[in-house]
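Novice: Quick one: the structure is below, and I'll ask about it shortly.
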Amino acid sequence: VFRLVLRVNRPDRVDRNPLVLDLGCGEGALAQRLWDAGYLVIGVDKGQEAFRACGPQFVHADFDRPDEAEKALQDWMGKADLVLAVEIIEHLRRGWDFLNLCSKLARPGGQLVVTTPNVASWWSRFWFLLRGELWGFGTESWLDPGHVHAYTAVELKNLVEEVGFRVCGVYLGGCLPIIWGYNWKRFLASIVMLPLRPFMDKLRDGWVLCIHAEKSAG
């Protein structure tokens, strides 16, 4: 994600520090890297106790309460050069409302980067074959880490376009196989699947789905 941000919105290509809203910033690791690279970063999440970044401003907002979140972010409506939504939308019960908020925050021509677990990955498909559930969206995952909605690439692209963005690219992150150092069964399953990789389309070869989009000017 950091490399993608540098490619689409580098600070040295504009006459000011680009404004980045990191929605669902967590501890602020990405926010800190972007701040250090010259971006003006605002981290947004529902709990500040985990936020560790030094420099970026923190704003409290609960995205499951869209009206309250919009009120908390009122000062930045239509001003963000880049809106980041990294591994958050799958935690939310109102994904369309969240993406609509992203659209309101982005300036015309502003960028959006949203990521979510790739349920089309070969690992997720293999897990479904074994367990009858998508990887990362089982009973345990509902409670911790709180994954409540799985998105396919088609669904997420359509939602992003519905709220006023133009999709610029679909990317994958997290190379497979994942090295499960703490679980040898998962590691062996990944190794067994390796010979099938040449026969898989690109959307099956990474465990993170990433959508890059641009806010329409009109």
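Take any residue in the sequence shown, note its place counting from 1, add 800, and you have its number in this note's numbering. Each residue gets a CB set at the ideal place from its N, CA and C atoms; glycine is no exception.
Find out if the Cβ-Cβ distance for the pair V914, I1011 is shorter than 8 Å.
Specialist: Contact: yes.
Novice: Hey, out of Y951, Q911, D897, whose CA is closest to P818's CA?
Specialist: The shortest Cα separation from P818 among Y951, Q911, D897 belongs to Q911.
Novice: CB T916 to CB E961, shorter than 8 Å?
Specialist: No, the Cβ-Cβ distance between T916 and E961 is not below 8 Å.
Novice: For the beta strand (DSSP E) containing K1015, name the first residue and the last one.
Specialist: Here the beta strand (DSSP E) through K1015 covers 1006–1015.
Novice: Relative to the alpha-carbon of P1104, which residue among C902, E890, G973 has its alpha-carbon at the smallest distance?
Specialist: Given that the chain is displayed from residue 801 to residue 1018, the structure contains no residue 1104 and the question cannot be resolved.
Novice: What does DSSP give as the partner residues of Q857 in its beta bridges?
Specialist: DSSP lists I842 as partners of Q857.
Novice: Can you give me the start and stop residues for the beta strand (DSSP E) that A950 sits inside?
Specialist: Note, A950: premise wrong, no beta strand (DSSP E); not H, not E.
Novice: Can you list, in chain order, the residues of its chain with a C-beta nearer than 6 Å to that of G973? Leave out the 5 residues immediately preceding and following it.
Specialist: The residues are G1006, V1008, C1010.
Novice: Taking the Cβ atom as the reference point for each residue, do A829 and V841 lie within a distance shorter than 8 Å?
Specialist: No, they are not a contact pair.
Novice: Leaving out the 5 sequence neighbours to the left and right, which residues in its chain are closer than 7 Å to A872 when beta-carbon positions are compared?
Specialist: Correct list, in chain order: V859, H860, A861.
Novice: Considering only the alpha carbon of each residue, which of K846, W896, R852, W922 lies closest to R833?
Specialist: The option with the nearest alpha carbon to R833 is R852.
Novice: By alpha-carbon positions, which one of Q857, Q874, D836, A953 ends up nearest to K904?
Specialist: Measuring from the Cα of K904, the nearest candidate turns out to be Q874.
Novice: If we ignore side chains and look at the alpha-carbon of each, how far apart do C968 and N900 end up?
Specialist: C-alpha separation (whole angstroms): 18 Å.
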